[in-house]
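Chains as they are written, first to last, in the working numbering: chain A, 1 to 233; chain B, 1 to 94; chain C, 1 to 94; chain D, 1 to 722.
Glycine is no exception: its CB is placed at the ideal position from the N, C-alpha and C atoms.
None of these values were measured; they are calculated from a predicted model.
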Amino acid sequence: MRTGIVVFPGTWSDRDCAHAVGEVLEQPYRFIDHRDRRLDDIDLVILPGGFSYGDYLRCGAIARFTPVMEAVAAFADRGGLVLGICNGFQVLQEARLLPGALLKNASCEFRCEWVNLRVEQGDTPFTTDCRPGQVLRIPISHGEGNFFADEPTLASLEAGGQVVFRYCTAGGRITEGANPNGSLANIAGVINKRGNVLGMMPHPERACEDLLGGSDGLALFRSAMRALQVVAV
Amino acid sequence: MIFRAEVFVTLKPVVNDPQGSTIRSGLHSIGFDTVREVRSGKYLVLTIEGADEAIARARVEEMAREVLANPVIEDYRVRLEPVATAASAGERRA
Amino acid sequence: MIFRAEVFVTLKPVVNDPQGSTIRSGLHSIGFDTVREVRSGKYLVLTIEGADEAIARARVEEMAREVLANPVIEDYRVRLEPVATAASAGERRA
Amino acid sequence: MAVALRRSQLVGVALDESEYAAILAAIGREPNDVELGMFGALWSEHCGYKTSRALLRQLPTQGPHVLQGPGENAGAVDIGDGLAVVFKIESHNHPSAIEPFQGAATGVGGILRDVFAMGARPIAILDDLHFGPLDQGRNRHLFKGVIAGIGAYGNCFGCPTVGGALTFDDGYSENPLVNAMCVGLVSHDRLRRATADRVGDLIFLVGADTGRDGIHGATFASVEMDEDSSSRRPAVQVGNPFLEKLLCEACLQLNELAEVTAIQDLGAAGLTSAACELAHRGGRGLEIDVAQVSRREGGMTPYEVMLSESQERMLVLVKPGGEAAVRRIFEHFELHADRIGTITSGNRVQVREGAVSVVDLPLDVLVDGVPLRSPPGRRPGQRATPPIPILVEPEQILLKMLASPNLRSRRPVYRTYDHQVLDNTVIGPGSDASLLRVPGTRRGLALTTDCNHRYVALDPYEGTRAAVAEAARNIVCTGARPLAVTNCLNFGNPQRPEVFWQLQESVRGLADACGELGLPVVSGNVSLYNETSGRNIPPTPVIGMVGVLDDLERRCGAAFQEDGDLVFLLGETREELSGSEYMVIAGADTGGLAPAVDLAHESRLQAAILECTQAGTLRSAHDVSDGGLLVALAESVLFGSRGLRCPAVVGPVSAAALYFGESQGRVVVSVAPRRVPELQAAVARQRIALQALGVVGGEFFQVGQEIRVPLGRLREAWETAF
Ligand SMILES: Nc1ncnc2c1ncn2[C@@H]1O[C@H](COP(=O)(O)OP(=O)(O)O)[C@@H](O)[C@H]1O
Ligand SMILES: [Mg+2]
């Protein structure tokens, strides 16, 4: 699995993603500059977390216009796998590659903590290693992860099985208490209709080693490897 | 009576505005190169009750001074208008 | 010519506004209880060049539509006025 | 020039008549306004250390591992594998008192720059915060603003905030302490020193445009009094963490270039301090053209350019001919850079505006010539030991303690900080010390900041030694070896004899403790004049410490791990309640003697703990500090969500001292039953008292007959919101 990790000005999860993919899973990767348009050697594109352009206007609002995003759109069009994490999710929405938007957390505060995610779809390229209903422990770290979509959009997301992760209790129940940011329907991650572009607020790359508190995040990367017919490690 | 108050909060001219300058260079990089400067600020729309316009305005000014703006680095401006009914206040917002 | 453009970006009425409600409850907690609602938004002041007002306005509208506001959750409004001279635009900055 | 004007200018630049006389004597003429402003800045307490420098000479700064001691932007210590840890702590108290959010944010920005100026990648931030009680609106406003500002800057920049401290005391009302520590990593051969030793090197100013930020108000007014300065009053600095992130990445790449000879951040006193100290360190001079400096605003004077404290700016020294290479890096990160001058031979700082000379001064006088001050110090009358309130209803007191602002869970604060980014956080905030992985190695770095100001207030010497000892104990409880120290000396107005005495005694204690424990002091910062309307803050010498753990597999946590494990207390409990949280809760006057510190005992205790962690004997180790024994036990229970059963805890002291006394040199550990003999052997070898306390397990926190709290209730108290 050849992974391309996009670096915008202000991106900071790039090195964490490289660590997870390169060191932990021992897969080849390269960083892709925001001015770069070349993705032909890439199987999986990761848009990492961070504060692209400081998130000063709106998260992802300016990053969306960078040359690399044209390439990412084309790459997604060809069916390539794209994973947007945190700020990367916000960029994908700004680029209209994913529906909805992410508002300020309901608490109006930044939140960095471990949360529980229920896997709603076990058959996406990013979740085949998970059982539907399985609970993953993965950290969040954001101030604007409050998922919003208007009613028709939300309805079609649900109907189309595009909601991949929801915030839940350790036991897998979807409760208000388990919702760290006020997201509609506890939505933590959604995938596009075609099923090759996933956006999520939690950081799977931070959950790849027990030394750091848990390794549930590996399931996403392993699933992607399987989807790309790489022998799973 | 019900009023609709707009509060415009801006950074004092002498204060650094990273947000504004980053937006400006962002706009330039997208080709909007006729933009000389961007200053960023907050825009708050309040729906407020008051016996009359003067009283309502005084309250809003007070809130702006004490809460909505940070006097150390920000200036503010208030605009206020009466609203026929709460409903139409809703419309105006849209 | 140089123009001063004000862009007001607000959340669509259907979108809930945690910041606005936080500000409102904050105001209530310190006695400003006549406030019925607060909606929070952005206020951007642009200094922009343009051959004439129509052209400048068109550019600003374009920026607002494509960059400054996110149509999924936000509405925007633009106000534009000419600025006498570059100098006075400079003054505004300094 | 009118004498009256000069007088007011002196006040403006905070120099006294004798200092002005010293300037005249040294340069043989009247300095012009810009020169006087530069003297005011470099001869200020903040940059010149005129009141503290002599005292600081006592500090032990050498050690086998020390690669860089005080004198550079940050200290550096060898941690093996060819790597160096680079760290420093710095205060931003005064700016935070004026504008808490921006004050704290730019404080984080400043300390980050000190670390990446050394060529090191920042891997952790710690924030040591002190506020007045939150029931006062102003204090709450400061508290909320400071926390938000630290998070905003660190989170956006992408450096985890992994630890720190938070205390409340009326003595900090209106005058909060905001100390930020940054820790970075660099390989030995890439460690930078901000020293200009090559004549002819080009000086580049890179980063933010220069604006009228943070130019000392009084200085400004008095120097510019003849002009209309209404639109030019000094501005609060607004930080730009996004730009800082780009600066950091650029500097780390510049650091790889042979053409780059030095990198220096701009902090207090801006260009003046950065450029002059850079040249002076290398025994060179410099020549600057302020006309080359990009401005954010029109009409800025050379004075303003030289003294502006605009954030996110760095100086880069480049060999002639290296310009193209550095430009490529600046352009890659879309950073603006101006070539503003060159390093010259000899000992002069020459500033031009185009062709017009505005400054021409002897550099050594400007940087190093400030006459040192040694004001009188006087020991204040000791306040007698207050009567100890006898302990009734220990269970209620315990719950009250756990809920008190000084002891309750800090999670509501640290969960607003990204404490995980960079994927190294093994033990995050909330425990004793934080533990980070050293990327690419088996090693860990343990980090902590500590200072119990109440002990220091009772006895600055003993209290400062206690702070060093506690910091080391926190490091050791993770299994790591204490390595070196940074410190931030927060004190009141040193012109008051009692305050200067506190400073003298505190530095003496710092020197003695670090000497005895073999911990070199490699960096630090001094913040004096923390005085508001005649009230001085409690003396607060914050200790930052770094330790190394050679194999992360040998790490130890503070949480109870397994039901059935046995719990022990290491160390002795004496009748010591003065300055304790118990006395505060009991509303008793906090006078008396600070808890005694026996550093020989401390070293033996820490040796015993380390022997056990190395052997993997312990399941947990937790330092006994604020709140005493029961609070330490309750914390290990809460961390691990496992109950505890202690049959009567006994000791030769009052129940209050036994449960809540704050005797130093104590640690609570838990051990699997079969490994108890190893623990006993280790403590026997080190002659440390060992007392069996109880067994881990159950749904209650239970001590003797009188305390039996369901875990839910314990947690409820501890998680009281701020
Ligand atoms: N209390 C202290 N202990 C040890 N070193 C100190 C102390 N205070 C200041 N220093 C050292 O003096 C030098 C100047 O400090 P400072 O002006 O804060 O540096 P900077 O200007 O880079 O922030 C630094 O090397 C700092 O480490
Ligand atoms: Mg420095």
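- Among the residues of chain B, those whose CB is under 7 Å from the CB of Tyr53 of chain A are Thr22, Gly26, following chain order.
- If you ignore the 5 residues before and after Thr385 of chain D, its C-beta comes within less than 7 Å of the C-beta of Ser578, Gly591, Gly592, Leu593, all in its own chain and listed in chain order.
- One Cα belongs to Gly50 of chain A, the other to Asp33 of chain A, and the distance between them is close to 15 Å.
- Annotated as proximal: Val60 of chain C and Ile48 of chain C, with beta-carbon spacing under 8 Å.
- The three-state secondary structure of Trp501 of chain D, taken from DSSP, is helix.
- Just so you know, the alpha carbons of His453 of chain D and Glu395 of chain D end up roughly 27 Å apart.
- According to the DSSP assignment, Asn139 of chain D belongs to no beta strand (DSSP E) but to the alpha helix (DSSP H) extending over 137-157.
- Comparing C-alpha distances from Ser18 of chain D to each of D:Ala689, D:Asp33, D:Trp43 shows the shortest one belongs to D:Trp43.
- Arg39, Ser40, Gly41, Lys42, Tyr43, Leu44, Val45, Leu46, Thr47, Ile48, Glu49, Gly50: these are the residues of the stretch 39-50 of chain B whose beta carbon lies less than 8 Å from some beta carbon of chain C, given in chain order.
- When C-alpha distances from Ala275 of chain D are compared across D:Leu254, D:Phe204, D:His332, D:Glu297, the shortest belongs to D:Phe204.
- At the C-beta level, Ala208 of chain D and Arg313 of chain D come within 8 Å of one another.
- Between Asp626 of chain D and Ala467 of chain D, the alpha-carbon positions lie close to 12 Å from each other.
- Residues of chain B whose Cβ lies closer than 7 Å to the Cβ of Arg313 of chain D do not exist; the shortest such Cβ separation is about 12 Å.
- Chain A has no Cβ within less than 8 Å of the Cβ of Val78 of chain C.
- Under a 10 Å Cβ-count criterion, His336 of chain D is classified as exposed, with fewer than 16 other Cβ atoms of the shown protein chains found around its own Cβ.
- Burial is judged here by how many other beta carbons sit within 10 angstroms of a residue's own beta carbon; Gln121 of chain A has at least 16 and is buried.
- Secondary-structure assignment with DSSP links Cys112 of chain A through a beta bridge to A:Ser141.
- Apart from the 5 residues on each side of it in sequence, Pro48 of chain A sits with its Cβ closer than 8 Å to the Cβ of Ile5, Val6, Val7, Thr11, Trp12, Ser13, Asp14, Asp16, Cys17, Ile85, Cys86, Asn87, Gly88, Glu205 in its chain, given in chain order.
- Annotated three-state conformation of His34 of chain A is coil, per DSSP.
- Excluding the 5 residues flanking it on each side, Ser223 of chain A has same chain C-beta neighbours closer than 8 Å at Thr124, Pro125, Phe126, Thr127, Thr128, Asp129, Cys130, in chain order.
- For Leu372 of chain D, the three-state secondary structure derived from DSSP is coil.
- The DSSP-derived three-state label of Gln102 of chain D is helix.
- Glu49, Gly50, Arg59, Met63: these are the residues of the stretch 49-64 of chain C whose beta carbon lies less than 7 Å from some beta carbon of chain B, given in chain order.
- Linking Gly282 of chain D to Arg77 of chain C through their CA atoms gives a straight-line distance of about 57 Å.
- At a C-beta separation below 9 Å, Ile30 of chain B has these neighbours in chain A: Ile62, Phe65.
- With respect to Thr448 of chain D, Pro160 of chain D sits apart: the two C-beta atoms are not nearer than 8 Å.
- Cβ neighbours of Thr61 of chain D within its own chain (closer than 6 Å, five residues either side excluded): Gly69, Pro70, Pro520, Val521.
- With respect to Gln237 of chain D, Glu309 of chain D sits close: the two C-beta atoms are nearer than 8 Å.
- At a cut-off of 8 Å between beta carbons, Pro13 of chain B makes no contact with chain A.
- Shown here, Thr161 of chain D sits in a strand according to DSSP, grouped into three states.
- For Phe701 of chain D, the pairing in a beta bridge is given by DSSP as D:Leu644, D:Val709.
- Relative to the Cα of Ala101 of chain A, the nearest Cα in the group A:Glu109, A:Thr66, A:Gln90 belongs to A:Gln90.
- Identification of chain C residues near Glu74 of chain B by a Cβ-Cβ cut-off of 7 Å yields none; the smallest Cβ-Cβ distance measures about 11 Å.
- Under the DSSP definition of a beta bridge, Asp127 of chain D partners with D:Gly164, D:Ala180.
- The residue among D:Ile388, D:Gly267, D:Leu185, D:Leu129 with its C-alpha nearest the C-alpha of Gly82 of chain D is D:Leu185.
- Beyond the five residues adjoining it in sequence on each side, Ile79 of chain D comes within less than 6 Å, by CB distance, of Val85, Val548 in the same chain, given in chain order.
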